[in-house]
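This report refers to the structure that appears directly beneath it.
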Amino acid sequence: MTKADIVIIGSGPGGYETAAEAAAKGADVVLIERGELGGTCLNRGCIPTKALCRSAEVARLVKNASVFGINAADVTLDYARAVSRKNDIVTGLREGIAAELSKVRVVKGDAAFTSAHTVKAGNEEFTADKIIIATGSRPASLPVPGAELAVNSDFILEMTELPDSLIIIGGGVIGMEFAEIFSAFGVRVTVLEYCPEILPTFDEEIAKRLRTSLKRKGIEIVTSAQVTAITAGGVECSVKGKPKSYNASLVLTAVGRTPAIPSGAIEAGITFTERGAIATDENMQTSIPGVFAIGDVNGRCMLAHAATAQGKVVLGEKVDLTVVPAAVFTNPECAMAGYTEKHCADLGLTFRTGKATFRSNGKAIAMDEPEGLVKIIVGDNGRLLGCHICGAHAADLVQEAAVIMSAGLGADTLAGVIHGHPTLGETVVSAFRNLA
Ligand SMILES: Cc1cc2nc3c(=O)[nH]c(=O)nc-3n(C[C@H](O)[C@H](O)[C@H](O)COP(=O)(O)OP(=O)(O)OC[C@H]3O[C@@H](n4cnc5c(N)ncnc54)[C@H](O)[C@@H]3O)c2cc1C
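All residue numbers for the sequence shown refer to our numbering, where the first residue is 23 and numbers rise by one.
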């Protein structure tokens, strides 16, 4: 039996960041990983999609180059090259993680609980006062006939050849990013979303703007669509109660993710939420004292930075888990921090909204990025409750609002800080000035 201070299962952004930080503070840390270092985020999630989203952005930019006085008439797209660039980026970053883990003992293997405080990987058994489960999640499948005919995000990220046409089931963040990528590379894309609007967790007005913009780029988006079957040539569904069929050479399901639970967890006494995630308290502790669960596996917030932040909570650091920015890296980008108008209404809060468009922002016009909207939501005590952006660099812009919200500062802080000119950040200030 090997004894360590901390045993961590899973090397995604939850596991590896926590391991590196604990080791830097002097703890004796064992990190067990059955796949590649970096988890879903680095190998099959955030980074590979962002590399391909950038290729998509460049493809659209180059096709539009004449607007900038640049003649690029004979442009050809090479998707295999884009995938190979993506792979190089992932490999390089993985080497970076390995270097960050220099003070951590990394064990390759599939970890299984053998008792409440013991974990086995290969032939070795480990114990520690603190065990952290950071095993992440895997793509959920759709319980319909023919589901096995569809591919998931893991598969599609490895493809080097483009299909002629693609149906994406699920208009959430992952589905919309793939829609953007494949459409920019010339694939006919249809998105089928079950809810009345895409990006169901985002502000409705922002989601609608994105849907309208992507439709203009030729992506077919069908909302209120309940898929009933997947066939060899497409998808059968019911749209607002009427049967419909859509054809494509490939079907991708992007319908959410299921927590990846290590074997033996149930027998060890770990309890679960109704949705099959590991149940945790506010310190990320599971039903077993000293055993913690962070990241996707606890189902609290399936985002990379949330996993990392939860790891810091386990290490006893003060982190604000109430403001978690989220983004979708389409073109235009969308991002949010804090409450949506619907959240505020559901909570019975009184609030005002302020909006500003990119069309009246000098930098956005100079960049030829006029499509954009910033919406801020301010409570009756003057506190910033939410910020929602659709437009270029939305994910970076929303961070300013997240800082103000987390610090509990008034929304007027936005206007009290000089914003450089011309910058996209001026739109956030304009939204405050336009508070209705
Ligand atoms: C296509 C896609 C795009 C995404 N884009 C973004 C984005 O832009 N921004 C964002 O914030 N989030 C994004 N996400 C979500 C993000 O990837 C996850 O929220 C994040 O990876 C969760 O981190 P984690 O540490 O909880 O788990 P993971 O990253 O899933 O890592 C878990 C690790 O545990 C290992 N493991 C599992 N079981 C065992 C076991 N029994 N023994 C040993 N090892 C085990 C796995 O092999 C894996 O390496 C995206 C996800 C996908 C699929």
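Where is the CB? At the ideal position from N, CA and C, for every residue including glycine. This one's a predicted model, so the numbers in the text were calculated from it and none came from an experiment.
CB contact flag (residue i, residue j, <7 Å)
i, j, result
"Ile220", "Ala206", "no"
"Val400", "Val450", "no"
"Leu274", "Ala247", "no"
"Ala461", "Val128", "Only positions 23 to 458 of the chain appear in the structure, and residue 461 is not among them; the question remains open."
"Ile283", "Thr308", "no"
"Ala169", "Ile241", "no"
"Thr250", "Pro218", "no"
"Leu184", "Val166", "no"
"Ile310", "Ala329", "no"
"Lys108", "Ala73", "yes"
"Val345", "Ala424", "yes"
"Gly404", "Gly432", "yes"
"Ile54", "Ala133", "yes"
"Gly256", "Tyr268", "yes"
"Thr182", "Val89", "no"
"Leu135", "Ala287", "The amino acid occupying residue 135 in the given sequence is Phe; Leu does not appear at that position. Yes."
"Met358", "His415", "no"
"Thr149", "Met23", "yes"
"Val45", "Lys125", "Note that residue 45 corresponds to Ala in the displayed sequence, not to Val. Contact flag set, yes."
"Val319", "Ile300", "yes"
"Asp176", "Arg66", "yes"
Residue i: CB within 6 Å of a non-hydrogen atom of ligand 1
i, result
"Glu55", "yes"
"Thr275", "no"
"Ile196", "yes"
"Ser175", "yes"
"Lys181", "According to the sequence displayed, residue 181 carries Met and not Lys. Not under cutoff, so the answer is no."
"Ile243", "no"
"Met358", "no"
"Thr136", "no"
"Ser33", "yes"
"Pro284", "yes"
"Thr157", "yes"
"Lys71", "Lys is not the amino acid found at residue 71; the sequence shown has Thr there. Thr71: yes, Cβ under 6 Å from ligand 1."
"Leu325", "yes"
"Asp303", "no"
"Ala329", "yes"
"Cys68", "yes"
"Asp418", "no"
"Thr62", "yes"
"Ala133", "yes"
"Asp390", "no"
"Gly48", "no"
"Asp151", "no"
"Gly467", "This structure leaves residue 467 out entirely; the chain is present only between 23 and 458."
"Gly118", "no"
"Gly317", "yes"
"Gly36", "yes"
Option nearest residue i by Cα separation, candidates the options
i, options, result
"Ile189", "Ile196, Ala201, Thr182 and Leu179", "Ala201"
"Gly197", "Met306, Ile300 and Cys68", "Cys68"
"Cys412", "Ala87, Leu115 and Pro392", "Pro392"
"Arg297", "Gln307, Thr280 and Gly286", "Thr280"
"Val97", "Arg103, Arg107, Arg381 and Lys85", "Lys85"
"Gly442", "Thr182, Gly384 and Leu369", "Gly384"
"Leu457", "Cys75, Thr40 and Thr375", "Thr375"
"Gly333", "Val195, Ile154 and Glu258", "Ile154"
"Val195", "Tyr101, Glu58, Ser271 and Gly278", "Gly278"
"Ala386", "Asn305, Gly447 and Leu272", "Gly447"
"Ser285", "Lys262, Thr71, Leu59 and Ala138", "Ala138"
"Ala367", "Asp390, Gly408, Lys377 and Thr379", "Gly408"
"Thr113", "Pro70, Ala95, Asp100 and Asn145", "Pro70"
"Tyr216", "Arg238, Ser159 and Cys259", "Cys259"
"Ala15", "Leu64, Ala95, Ala162 and Ser175", "Any answer about residue 15 is impossible in this case: the structure gives the chain only from 23 up to 458."
"Lys377", "Ser452, Ala102 and Met23", "Ser452"
"Leu15", "Ala429, Thr445, Leu99 and Gly438", "The structure shown does not extend to residue 15, since the chain spans only 23 to 458, so no value can be given for it."
"Leu406", "Leu164, Gly338 and Phe454", "Phe454"
Within-7 Å CB hit, residue i to chain C
i, result
"Gly67", "Although the question refers to chain C, the structure presented lacks it and comprises just one protein chain."
(Q) Any contact between the segment 352-364 and the segment 220-234? By contact I mean 3 or more CB pairs, one from each, below 8 Å. (A) The segment 352-364 is in contact with the segment 220-234.
Q. Can you find at least 3 beta carbon pairs, one from the segment 74-82 and one from the segment 348-356, that sit closer than 8 Å?
A. yes
Q) Of all the alpha helix (DSSP H) runs that stay within the bounds of the segment 295-348, which reach a length of 4 or more residues? A) 326-336
Q.
Whether or not the segment 308-325 and the segment 33-53 are in contact is what I'm after, with contact meaning three or more pairs of Cβ atoms, one per stretch, closer than 8 Å; do they touch?
A. The segment 33-53 vs the segment 308-325: in contact.
Q. Curious, which full-length alpha helix (DSSP H) runs of at least 4 residues does the segment 51-126 contain?
A. Assignment of alpha helix (DSSP H) within the segment 51-126, counting only whole runs of 4 or more residues, yields 61-66, 68-85 and 101-122 in chain order.
**Q.** Whole beta strand (DSSP E) elements within the segment 139-188, 3-residue minimum
**A.** Taking only runs of at least 3 residues, the beta strand (DSSP E) segments lying wholly in the segment 139-188 are 140-143, 146-155 and 159-161.
Q) Fully enclosed by the segment 393-433, which alpha helix (DSSP H) runs are 4 residues long or longer? A) 416-428
(Q) As an exercise, report each continuous alpha helix (DSSP H) stretch of at least 4 residues that is fully enclosed by the segment 210-277, in chain order. (A) 226-238
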